[in-house]
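These notes are about the structure you will find just below.
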Amino acid sequence: AFGDGPEFSPVERRWQEPAMIAQEGVVLVSPPESDEFFCRDILSGAVRMAPQRRNAYRYLAGMRDGRVIVAGERQVVAFDMNSGRPTWQCEFPKGLFLAGKGLWQSDSLMLPLTDRQLIRVDTSDGRIVEQTQVAQPLGNLFAYRDQLLSVNAAAVSVYYTRDALAREVAERLAANPDDTWALNQQSQLALARNDLSLALQALERSFSLDPQSADTRYLLVDLLLDGLVADFSRFEPLAQKYAHVVEFGPQ
52 AFGDGPEFSP
62 VERRWQEPAM
72 IAQEGVVLVS
82 PPESDEFFCR
92 DILSGAVRMA
102 PQRRNAYRYL
112 AGMRDGRVIV
122 AGERQVVAFD
132 MNSGRPTWQC
142 EFPKGLFLAG
152 KGLWQSDSLM
162 LPLTDRQLIR
172 VDTSDGRIVE
182 QTQVAQPLGN
192 LFAYRDQLLS
202 VNAAAVSVYY
212 TRDALAREVA
222 ERLAANPDDT
232 WALNQQSQLA
242 LARNDLSLAL
252 QALERSFSLD
262 PQSADTRYLL
272 VDLLLDGLVA
282 DFSRFEPLAQ
292 KYAHVVEFGP
302 Q
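Taking our numbering, the leading residue of the sequence shown gets 52, the next gets one more, and so forth.
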């Protein structure tokens with residue numbers, strides 16, 4: 052039975068989503084009526100790991116290489132299945148909190164955070180290997196073909212994965228170097244690599260081809276404002292050049 056731990060308290064916060072995960076010969080359970088999660092042998096029911104208190108953990112993310120991965124409000128933790136002790140702990144960037152359920156990507160875990168931040172954690176050692184900011188607040192993550200879906204209480208947002216977007220941009224620009232959609236997306240890929248120069252080059256070309264495009268104007272203004280913060284002396288002349296766009300924004 053799973054009732055050996057401390058008494059259930061109905062006023063405490065619950066698991067974000069009760070789970071049962073069967074993998075690697077064990078079953079993980081986070082019952083809705085319990086403040087602990089349990090790890091049992093899938094055939095015999097024998098305890099494989101001592102029950103762990105929920106504390107600030109929100110849901111069981113899964114298992115990898117004998118480790119149980121648990122996502123919390125401010126961190127993600129891997130527990131060794133044999134000892135029950137943490138093998139690594141990944142703190143989220145300062146001021147950010149978990150915004151929903153994550154998504155496995157090979158041997159890494161993508162996690163949605165507040166402030167529209169998305170991180171990818173290497174589950175072998177707990178390092179944050181990638182961090183990016185998206186356009187809309189994030190929620191629970193799902194994968195569909197080459198796209199990433201985010202579902203929260205207010206909206207459903209769809210994003211390309213970076214590799215899929217890079218492929219499509221390359222194909223469209225090879226077919227038509229004046230493809231403004233591809234140029235705009237090229238700028239976003241460059242920004243994700245912190246390459247402001249390439250991003251600006253792509254957006255200026257896109258703007259010259261279609262100065263009335265609301266998408267291009269929005270992205271150009273956003274880049275100029277970020278550039279003024281990062282390197283005022285360099286971007287101030289550009290802000291003057293596009294002052295009419297900055298002042299009135301997308302039309």
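For glycine and all other residues, C-beta sits at the position ideal for the given N, C-alpha and C. Everything numeric in this text was worked out from a predicted model, so none of it was measured.
Straight-line CA distance for residue i to residue j?
i              : j             : result
leucine 162    : glycine 151   : 8 Å
isoleucine 170 : serine 284    : 31 Å
alanine 112    : glutamine 187 : 23 Å
aspartate 261  : threonine 231 : 8 Å
alanine 243    : leucine 249   : 11 Å
valine 272     : valine 296    : 7 Å
aspartate 92   : leucine 154   : 25 Å
arginine 115   : glycine 278   : 40 Å
lysine 145     : glutamine 198 : 28 Å
On a Cα-Cα basis, can you pick out the residue from the options that is closest to residue i?
i              : options                           : result
alanine 241    : Glu87, Arg105, Leu289 and Val220  : Val220
glycine 190    : Ile72, Val207, Ile120 and Phe143  : Val207
arginine 118   : Ile72, Phe148 and Gly146          : Ile72
tryptophan 139 : Ala101, Ile179, Tyr110 and Ala107 : Ile179
aspartate 86   : Glu287, Pro102 and Gly146         : Pro102
arginine 105   : Phe88, Met132 and Ile120          : Phe88
valine 202     : Gly278, Arg91, Phe130 and Leu164  : Leu164
arginine 223   : Thr212, Gln236, Arg213 and Tyr211 : Gln236
alanine 281    : Val78, Leu247, Ala253 and Ser238  : Leu247
alanine 129    : Arg99, Met100 and Gly177          : Gly177
Identify, in the order they occur along the chain, each residue of the same chain with its Cβ nearer than 8 Å to the Cβ of residue i, setting aside the five sequence neighbours on each side.
i            : result
arginine 167 : Gln184, Val185, Ala186, Gln187, Pro188 and Leu189
glycine 123  : Asn106, Ala107, Tyr108, Arg109 and Leu149
Ordered along the chain, which non-local residues of its own chain (more than five positions away) have a Cβ less than 7 Å from that of residue i?
i           : result
serine 26   : Residue 26 lies beyond the stretch modelled for the chain, which goes from 52 to 302, so this question has no answer here.
glycine 126 : Here the sequence assigns glutamine to residue 126, which means glycine is not the residue at that position. Excluding positions up to five away in sequence, the list reads Gln140, Cys141, Glu142 and Phe143.
alanine 194 : Leu154
What are the boundary residues of the alpha helix (DSSP H) that includes residue i?
i            : result
tyrosine 269 : 265 to 281
What residue range is occupied by the uninterrupted beta strand (DSSP E) comprising residue i?
i             : result
aspartate 158 : Aspartate 158 -> no beta strand (DSSP E), and no H or E assigned at all.
isoleucine 93 : That residue, isoleucine 93, is in no beta strand (DSSP E); it is neither H nor E in DSSP.
serine 81     : 77 to 81
alanine 107   : No beta strand (DSSP E) holds alanine 107; DSSP gives it neither H nor E.
Consider the C-beta atom of residue i and the heavy atoms of the ligand FAD; say whether any pair is separated by less than 8 Å.
i             : result
aspartate 273 : Questions concerning the ligand FAD fall outside what the structure shown contains, since it holds no ligand whatsoever.
Going along the chain, which residues of its own chain have a beta-carbon closer than 6 Å to the beta-carbon of residue i, five neighbours each way excluded?
i            : result
glutamate 68 : Tyr110
valine 78    : Arg91 and Ile93
What beta strand (DSSP E) runs, 3 residues minimum, are completely inside the stretch 192 to 249?
198 to 202 and 207 to 211
May I have a chain-ordered list of the beta strand (DSSP E) segments no shorter than 3 residues that lie completely inside the stretch 127 to 186?
137 to 142, 154 to 156, 159 to 163, 168 to 173 and 179 to 184
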